[in-house]
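These notes are about the structure you will find just below.
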Amino acid sequence: GENVEQHPSTLSVQEGDSAVIKCTYSDSASNYFPWYKQELGKRPQLIIDIRSNVGEKKDQRIAVTLNKTAKHFSLHITETQPEDSAVYFCAASNRDNRLAFGKGNQVVVIP
Amino acid sequence: DARVTQTPRDKVTEMGQEVTMRCQPILGHNTVFWYRQTMMQGLELLAYFRNRAPLDDSGMPKDRFSAEMPDATLATLKIQPSEPRDSAVYFCASGLGVYNEQFFGPGTRLTVL
Chain Y
1 GENVEQHPST LSVQEGDSAV IKCTYSDSAS NYFPWYKQEL GKRPQLIIDI RSNVGEKKDQ
61 RIAVTLNKTA KHFSLHITET QPEDSAVYFC AASNRDNRLA FGKGNQVVVI P
Chain X
1 DARVTQTPRD KVTEMGQEVT MRCQPILGHN TVFWYRQTMM QGLELLAYFR NRAPLDDSGM
61 PKDRFSAEMP DATLATLKIQ PSEPRDSAVY FCASGLGVYN EQFFGPGTRL TVL
């Protein structure tokens with residue numbers, strides 16, 4: 001099945017700086033790549049997603065890029081704010097139509 | 001603002017007891033997922049349903065876990081008998097197919113002593 005890995009596991013950034021989280025996936029047939037944000041004690045919530053026919057997608061301070069050849073995709077957060085502190089999960093849909101999640105990245109924005 | 005609901009929110013039980021978790025998906029959603037979240041394993045897919053039919057439950061320990069959708073408004077996850085290693089947060093999510101957003105419920109925090 002699909003295997004999704006995230007790096008780094010923890011990321012600390014100064015408020016106002018950018019944060020980048022990278023994910024790799026194993027199944028070349030995967031074609032849907034969502035990112036979920038989970039604040040402490042709360043439910044995961046979708047923040048952005050991308051399909052394999054698009055290389056980049058942006059929504060205000062958040063962007064996702066996809067490199068199908070290298071089988072990796074990245075989440076970019078610009079002008080980070082304290083409310084961006086959370087765990088971010090990437091995921092990929094594999095040929096069995098299941099969403100495989102990475103283990104998550106803890107992002108800490110230092111005021 | 002429609003949301004997925006789950007009950008109970010917290011459950012503490014003793015090893016060997018039966019545990020039943022319930023989920024009400026968002027009305028109109030045709031796909032329901034059960035996930036287990038732990039620090040070590042992250043978010044693991046246990047089972048999912050489309051139009052109430054089970055499509056995949058390969059992530060579940062079959063000998064003790066079972067998942068059902070008695071009707072379109074209720075999904076259940078049962079553990080019998082429960083073991084300490086089952087302690088985790090169990091999330092239900094619903095959506096309109098796999099390639100669309102999954103809306104997560106608040107989760108059930110299960111502690112098996």
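First to last, the sequence lines map onto chains Y and X. The numbers in the numbering used here rise by one with no breaks, and the one at position 98 of the first sequence is 98. The numbers in the numbering used here rise by one with no breaks, and the one at position 30 of the second sequence is 30. We treat Cβ as the ideally placed atom computed from N, Cα and C, and that holds for glycine.
| Query | Result |
| --- | --- |
| Within 8 Å of chain Y by C-beta, residues of the region 50 to 69 of chain X in sequence order | Leu-55 and Asp-56 |
| Nearest-angstrom Cα separation, counted from Y:Asn-67 out to X:Ala-7 | Checking the sequence shown, residue 7 of chain X turns out to be Thr, not Ala. Cα to Cα, the separation comes out at about 40 Å. |
| Chain X contact for Y:Phe-101 (CB, 9 Å cutoff) | yes |
| Reduced DSSP category for X:Arg-36 - H, G, I as helix; E, B as strand; rest coil | strand |
| Contact with chain Y by X:Leu-43, beta-carbon distance below 9 Å | yes |
| Under 8 Å by beta carbon: chain Y residues contacting X:Gly-107 | Arg-43 |
| Cα-Cα separation between X:Ser-58 and X:Cys-23, rounded to whole angstroms | 20 Å |
| Span of the beta strand (DSSP E), counted from its first residue to its last, around Y:Gly-1 | First-last for Y:Gly-1: undefined, no H or E at that position. |
| Alpha-carbon to alpha-carbon, Y:Ile-50 and Y:Ser-93 | 11 Å |
| Reference Y:Glu-15; option with closest CA among Y:Gly-104, Y:Cys-90 and Y:Ser-85 | Y:Ser-85 |
| Distance CB(X:Asp-10)-CB(X:Thr-111) smaller than 9 Å | yes |
| 7 Å CB neighbourhood of X:Arg-52 in its chain, flanking five on each side removed | Met-69 and Ala-72 |
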